[in-house]
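A short write-up of the structure that comes next.
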Amino acid sequence: MSAPLEGIRVLDFGQYVAGPLTGMLLADQGADVIKVDPPSGPRWDTDANATWNRGKRVVRLDLKARDLEVAKGLVASADVLIENFRPGVMARLGLGADEALARNPRLLYCSLPGFAEDDPRASLPAWEGVVAAATGTYREGGGAPGVPVFTALPIASSFAAFVAANSVVAALYSRHLDGRGQRIEVPLFDAMFAAIGAHGLSVRGSEASGGRPNDFGGGIFDCADGRWVQISLAKPHFQQRFARAAGLEGEVDIAKLATQRSERERLTSMLPEVLKRRPADEWEAIGAEADLPLIKVRSAAEWIDNDHAHASNSIIEADDPQLGPTQQPNSPVRIAGVDAGTRSPRRAIEPTDIRWQGEPVAVGSGAPRRAALEGVRVIDLSQVLAGPMGGRTLAEFGADVVKINPPNEEGAGIRFSVHRYHTDVNRAKRSILLDLKRPAALDVFWRLLEDTDVVLHNFRPGVLDRLRIGESEVRRRREGLVYTSVTAYGSGGPWEGRPGYEPFGQAPTGVSARQGGDGRPRSQPFAVNDYGTGLMSAFAALLGLYRRARTGEGGTTEAALAYTGTILQSPYLIGHANKRWTEPAGIEARGWGPLQRLYRAQDGWFFLGARASDLEAMARIEGLDGIEGLQGADLETALERRLAERSVADWCDALAALGIGAHALVDVAALMQDPWVQAHGLSVTRAHDTGEEITTVGPPPRLSATPVVVGPPATTPGADGAAILEVLGLSTDLGALVREGALATS
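Sequence positions in the sequence shown follow the numbering used here and run 1454 to 2199.
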């Protein structure tokens, strides 16, 4: 099988994280990517360039002088252009979207600025911490009262890259049919709303109603050896399996765990003491034997050397011309038949050597499309967050998505936390409740499949086979289908098929350990693993659709929580002979250094994002005189003391006036009420069929020719069942299906 993006030409002007990571996601799927750096080299000289620029040809061009015409020539024959400068920078070079599309109407011009071109903050230097502060990422929790918790992960940049990669492939699919290029804009600020997800949901303007629920028996617990495990007993059979495996027969009534709340609460109260009885490795082995979501918390360094990480190709080996042999995060998606185990190293070339490889990819000439995935039909069988987020993303690009849930589900799902697991991720879909264990419900499924293009699910291996709707049977009936799965730990390796939820992509890969530092491991703010994996499942499905459009062949694609947990750490998670783990970690961390850090002002907190070259200008601000001669700990101490003397607004205004990045910490509730956010569809308030006014996040990408849509509000689970049957010509079967228990209408 050829790689999905084979023959696609990408010109990557990106710097730092978002742009290069987007280019890497495309290069990993076969695109021919030319990475353009300034004459002095990349703006961030980091080991992670070995990951972000693998599979690319890297050239240094002087765009302000001799090499501008070379770049314009490349633009004229590229399929995709990526840049992540502040709005206006590329236009001043003559390489802006208008100029580029005039030169090459088939081009997909993808911009990833910190703030959108029409955002009042467009000119503000949008450092990672500045965007995080603006989007509620740094919030109080776990440390001293009133003190925000910092995270070193580039969540905004990573999500911008995830959204951009989806948008580019969706636009390629659309261009294959109608021939139109277009402009794509994915600001880092906007992309964060995909990460915020249900944390931004509110009902009738109340406090957020869709935040992380307290799953039964869920959390991180310390063990006899001082290590930690992540466990979830969210389903009754998990509770019973754990009690038996832990030898608790005489301490709890195992039979009653499935029916009596008091017995479940008793087991919950016992968990901290029970898990202290054995070391973490022993608990992990017990979890594997009992088929439980129970995993040892590992550091990133341990994950790099982990057997499953290598066997599942979450970590790959790659030689780099500067670092030598390395261990890197692999692509967070898998395409069956396309090698996922190796990636070619970045290769430096001279300007005289930059020629595209192969012939240009043919594009269509059909009628203009209103949405990228217009006419695409999807069956979404997935549960909880990651899979449904993938289905929602496809719907936002215009696909018709039918969401199937079981009428009587156990554990985390639409009935456990309606707003988090349904209202947020199932908007823009039609909802039907089918008990696929019943033949009559299977008949409805097969009718739906007749004109379906994508099946998306997150069941463990074998579950759908037992329901007689496994891949082989589905593909026998619908040969050209794109079949996309979401798993916890990915394919291959000893953990394949093991159960796991959002935190189980963070705990073994090093994400939780990094956030906890030397103390208790901690999850990241927001459900970044679930929402990120959802975006990657959509990316996988889009790659399958685009490849099918070009070759006529369907395919099997995959995303996984562990794949996403690995790639979210891309700036740091790279192993080589001289590796030093020096990134900030733990709840005491405030930033990356004195000039990229959270500071307490007189009335609150803000993030300062500056360079060493900004110190002289900063010293001209009243109250900061003399700091230009300081560095390191001395500079940090001085700034802590002086910045506490004035208000957040005073400092942010004074710094912004000098072109220096600074932003007050904004909480999510206020963010969702921001007039600019609401006007741009990132916060959407609508009446639902329950009669409630519910606010949810909106889709972040902006596509000029095939704009994304928020889609109708999520209906009550099962409310669309009758309408779906009518479309299928089965409306007269409704009563019998309900009586038989094959279908429920609510």
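Idealized CB from N, CA, C, for every residue including glycine.
Is the separation between the beta-carbon of P2160 and that of F1646 shorter than 7 Å?
no
Determine, using beta carbons only, whether D1877 and A1651 come nearer to each other than 7 Å.
yes
List the DSSP bridge partners of S1938.
H1910 and E2011
List the DSSP bridge partners of A1771.
T1779
Count the other CB atoms, across all protein chains shown, that sit within 10 Å of the CB of V1465; report buried if there are 16 or more and exposed otherwise.
Reading off the sequence, residue 1465 comes out as Asp, not Val. D1465 comes out buried.
By the 10 Å Cβ neighbour count, where 16 or more other Cβ atoms means buried, how is E2179 classified, buried or exposed?
exposed
Going by the beta-carbon positions, is the gap between R2214 and G2164 smaller than 7 Å?
Limits of the chain in this structure are 1454 at one end and 2199 at the other, which puts residue 2214 out of reach.
Taking C-beta to C-beta, are A1753 and G1963 nearer than 7 Å?
yes
Can the beta-carbon of V2130 be found closer than 7 Å to that of G1653?
no
What is the residue span of the beta strand (DSSP E) that H2116 lies within?
G2114 to A2117
Close beta carbons around G2028, own chain, < 7 Å, minus the five adjacent residues each side
I1757, T1779 and Q1780
Check whether the stretch 1832 to 1846 and the stretch 1982 to 1993 touch, using three or more Cβ-Cβ pairs below 8 Å as the test.
yes
From this set, L1920, A2132, E2075 and T2138, which residue's C-alpha is nearest A2107's C-alpha?
E2075
Would you kindly work out how many angstroms separate the C-alpha atoms of A2012 and G2079, rounded to a whole number?
52 Å
So, with DSSP's three-state summary, where would you put F1890?
A small correction: the amino acid at residue 1890 is Lys; Phe does not occupy that position in the sequence shown. In this structure, K1890 counts as coil in the three-state DSSP scheme.
Taking buried to mean at least 16 other C-beta atoms within 10 Å of its own C-beta, is T1590 buried or exposed?
buried
Is it the case that the stretch 1501 to 1521 contacts the stretch 2016 to 2025, given that we only count it when at least three CB pairs across the two stretches are under 8 Å?
yes
First through last residue of the alpha helix (DSSP H) which encompasses N1502
N1502 to W1505
How far does the beta strand (DSSP E) with N1619 in it extend, from its first residue to its last?
No beta strand (DSSP E) contains N1619, which is instead part of the alpha helix (DSSP H) from I1608 to D1631.
Using only the alpha-carbon positions, how far apart do N1418 and G1828 sit?
For the chain, the structure presents residues 1454 to 2199; residue 1418 sits outside this window and is missing.
Going straight from the alpha carbon of P1978 to that of V1616, what length do you get?
19 Å
Using DSSP's beta-bridge definition, name the partner residues of Y1562.
L1534 and R1636
Identify the continuous beta strand (DSSP E) that holds F2060 and give its terminal residues.
W2058 to G2062
Rounded to the nearest angstrom, what separates P1495 and G1460 at their Cα positions?
26 Å
Using beta-carbon positions only, say whether A1743 and R1694 come within less than 7 Å of one another.
yes
Identify whether I2020 lies in helix, strand or coil by the three-state DSSP scheme.
helix
Within its chain, find whatever has a CB closer than 6 Å to the CB of A1698; leave out the 5 residues flanking it on each side and keep chain order.
I1739 and A1743
Do R1931 and L1902 have their CB atoms nearer than 7 Å?
yes
Quick check on N2031: does DSSP put it in helix, strand or coil?
coil
Span of the alpha helix (DSSP H), counted from its first residue to its last, around S2136
Counting along the chain, S2136 falls outside any alpha helix (DSSP H), though it belongs to the beta strand (DSSP E) covering S2136 to A2140.
Residue span of the beta strand (DSSP E) that contains I1684, given as start and end:
W1681 to I1684
Length of the line joining the Cα atoms of N1766 and I1802
29 Å
Between the CA atoms of A2038 and G1970 - distance to the nearest angstrom:
5 Å
My understanding is that A1553 touches L1534, with C-beta atoms under 8 Å, so please give their C-beta distance in whole angstroms.
6 Å
In terms of residues, what are the limits of the alpha helix (DSSP H) holding F1674?
F1674 -> not in any alpha helix (DSSP H); beta strand (DSSP E) instead, spanning G1672 to D1675.
Could you tell me the distance, in whole angstroms, from the CA atom of V2137 to the CA atom of P2128?
11 Å
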